[in-house]
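Numbering (this note's numbering), first residue to last: 1306 to 2037.
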């Protein structure tokens, strides 16, 4: 009876929090916080589950198995900490004005409460990204008066102030810069209890992995190599041709690609802008044999003939008809009619009024490509000339424009005329003079803001990264090789054990892992942070982690050479299709915490193992269909073996994320959709780990079907939250 009660409560909680994330999208965070997550009945569900679970554990005498007992008790302690936080913590905001003392804050219910101290705002500063006017951090210096003593407290986006247990974090600021709004969080007991639960969980995980009384050792003995055949995906690329075009010299274009510009609030080489520009238009970083640098610089110089080149890819046939083009390729001129009117304007207006019949996505995608060229013409991509005045750096585009009077005449002349001189020298074929002018532009930048410009090595590293990252053939080659390896192993099991096969396959995987290692290191170097800050980066990291796991496990489990490579290829494919070539943007200080990087990497390793289990599940069902009993047992054992580290890594990743959130934002759990679905994923995958209690999972068919279906929670956590549900963790 107790077991059935646990089943019902467990499923009910998962369903409730899953539905809550959907309701939150339409009703808002405050609504689900008050009516679901903060409701008495929700707390009661957790309390009933905890009580029933404890009763069942005592009935089964699990206290005799210390590791297992410690693991389960840790969750009860974490729940107790959450309950204590819910009952005893206080949360609100305090508004401070410069040199005005206050002893009150307003809680979530709008009630005024008193601090046991007095606060005063001494100063407030906005810190910009180096060499730009884009805000990076907000810093408040507070003066706290406690028991006759005065102390200064700094509050910023990466530093929470703490005064007598009251945690203060930056929320917003007044438009005149003379006041701030700070979040207030006071949790004197709950955090300590929850952290104790996290510690017990970690110790329990270690003990479970090392214990001789758990199932892991027996699963390891059963697990061995097996194979699967998967469907192949075919990709075709189209080449386009163009008439002879005026194009700048390759050396000039390459040198121009090393000049720094301000782009997306980041100082980067022109090569990065050119790569994004061409990729956005053509879907790849080159066109008809021309590099991104050649296209970008040539369009700057010979804009008229380049406007007529069909290098803009339009996939939608409906949009093709609107533009009057035959096929997928359009020129900039195709977007304008004979009166120089924008051809898509009426369709866009109809779309805004709900009258449109053309796909919104297709129309917006085409409109975006047109506007990329418009941004190029308006100088948004060539902010090339920096000048520091009044304590801040401004970037200016070349050409005749009104410049601030504080810029000296000599510098004004250079900003306005240097690109004209460069254009003249290129058009007249004066290569040496062109290179000399480019060198002077770079020297001007160094003289103005040399201390914040990227070093020459960093610029070269970014250009190398751009070149490597825009190559699509490694992704398709990896996909093809992974499929071939799976087919070969499936068709001839003995061949996969031959020495030459092992050397070839492991050599390829090692080279691919090295390629991704270089790619990730370059991105780390250029971005200044571990590359796990967005969806694109995490998919690349997941592919890298899979390849490392493949090499580590290949000796004992040869099947991993096919599965690992194949899943890694799909990760790279998703990154390439979904994100193209995203910006290496600088991170705000709060996102530069090592805890965040470890949290993301740990969770992605768990997701990688879950993905491998899906392939093992497909293979297992195929083997079951073929009545290959012995291979089914080994296949299932391998999948069950991977389940333990996968679930444990996810658990560690979740509580590391909670610790980071507590350090950075003042609270360790906020029921954000990403947090919630990570918890759902953990709860769903934890179920088949209890095969002793839930006997149905001892049947391989049921186990594999469950594991395959469970991966939907991973997809929802990663893609569903990013692109549908939203929230603070959304990458989209």
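Ideal placement from N, C-alpha and C gives every residue a C-beta, glycine not left out.
Given this structure, state the Cα-to-Cα distance separating residue i from residue j, to the nearest angstrom.
i            : j            : result
residue 1818 : residue 2016 : 25 angstroms
residue 1867 : residue 1631 : 42 angstroms
residue 1924 : residue 1861 : 18 angstroms
residue 1843 : residue 1446 : 36 angstroms
residue 1471 : residue 1412 : 13 angstroms
residue 1943 : residue 1555 : 54 angstroms
residue 1510 : residue 1932 : 36 angstroms
residue 2047 : residue 1939 : Missing from the structure shown is residue 2047; the chain here goes from 1306 to 2037 and no further.
residue 1505 : residue 1379 : 5 angstroms
residue 1755 : residue 1668 : 43 angstroms
residue 1414 : residue 1444 : 27 angstroms
residue 1695 : residue 1429 : 18 angstroms
residue 1921 : residue 1851 : 15 angstroms
residue 1734 : residue 1482 : 53 angstroms
residue 1834 : residue 1957 : 22 angstroms
residue 1462 : residue 1960 : 21 angstroms
residue 1665 : residue 1579 : 27 angstroms
residue 1335 : residue 1742 : 58 angstroms
residue 1805 : residue 1569 : 49 angstroms
residue 1985 : residue 1995 : 17 angstroms
residue 1907 : residue 1949 : 14 angstroms
Run through the DSSP bridge pairs and tell me what residue i is partnered with.
i            : result
residue 1407 : 1424
residue 1688 : 1567
residue 1621 : Answer is none; residue 1621 lacks a bridge partner.
residue 1474 : 1488
residue 1395 : 1491
residue 1951 : Looking at the DSSP assignment, residue 1951 forms no beta bridge with any residue, so it has no partner.
residue 2038 : Shown here, the chain extends from 1306 to 2037; a query on residue 2038 therefore has no answer.
residue 1446 : 1428 and 1459
residue 1807 : In the DSSP output, where bridge partners are listed per residue, residue 1807 has none listed.
How is residue i classed by DSSP in three states: helix, strand or coil?
i            : result
residue 1400 : strand
residue 1489 : strand
residue 1862 : coil
residue 1573 : strand
residue 1744 : helix
residue 1845 : helix
residue 1723 : helix
residue 1614 : coil
residue 1751 : helix
residue 1649 : coil
residue 1654 : helix
residue 1935 : helix
residue 1707 : coil
residue 1958 : helix
residue 1313 : helix
residue 1466 : strand
residue 1412 : strand
Considering only residues of the same chain and omitting the five flanking positions on each side of residue i, which have a CB-CB separation below 6 angstroms?
i            : result
residue 1701 : 1690 and 1720
residue 1688 : 1566, 1567, 1700 and 1702
residue 1582 : 1601
residue 1845 : 1880
residue 1876 : 1844, 1847 and 1848
So, residue i versus residue j, is the Cβ gap smaller than 8 angstroms?
i            : j            : result
residue 1612 : residue 1638 : yes
residue 1989 : residue 2022 : no
residue 1740 : residue 1560 : yes
residue 1587 : residue 1616 : yes
residue 1398 : residue 1489 : yes
residue 1788 : residue 1708 : no
residue 1311 : residue 1381 : no
residue 1831 : residue 1775 : no
residue 1928 : residue 1947 : no
residue 1338 : residue 1499 : no
residue 1485 : residue 1478 : yes
residue 1915 : residue 1951 : yes
residue 1855 : residue 1814 : yes
residue 1572 : residue 1758 : yes
residue 1585 : residue 1677 : yes
If you drop the 5 nearest sequence neighbours on each side, which residues of the same chain put their C-beta closer than 8 angstroms to that of residue i?
i            : result
residue 1491 : 1394, 1395, 1396, 1470, 1471 and 1472
residue 1543 : Only weak support is given to the placement of residue 1543: the predicted model assigns it a pLDDT of 34, under 50, and the value that follows is read from those uncertain coordinates. Taken in chain order, the residues that qualify are 1633.
residue 1350 : 1314, 1317, 1318 and 1321
residue 1418 : 1395, 1397, 1409, 1410, 1411 and 1412
Give me, in chain order, the residues of the same chain whose beta-carbon lies closer than 7 angstroms to that of residue i; leave out the 5 immediate sequence neighbours on both sides.
i            : result
residue 1738 : 1730
residue 1652 : 1627, 1661, 1663 and 1668
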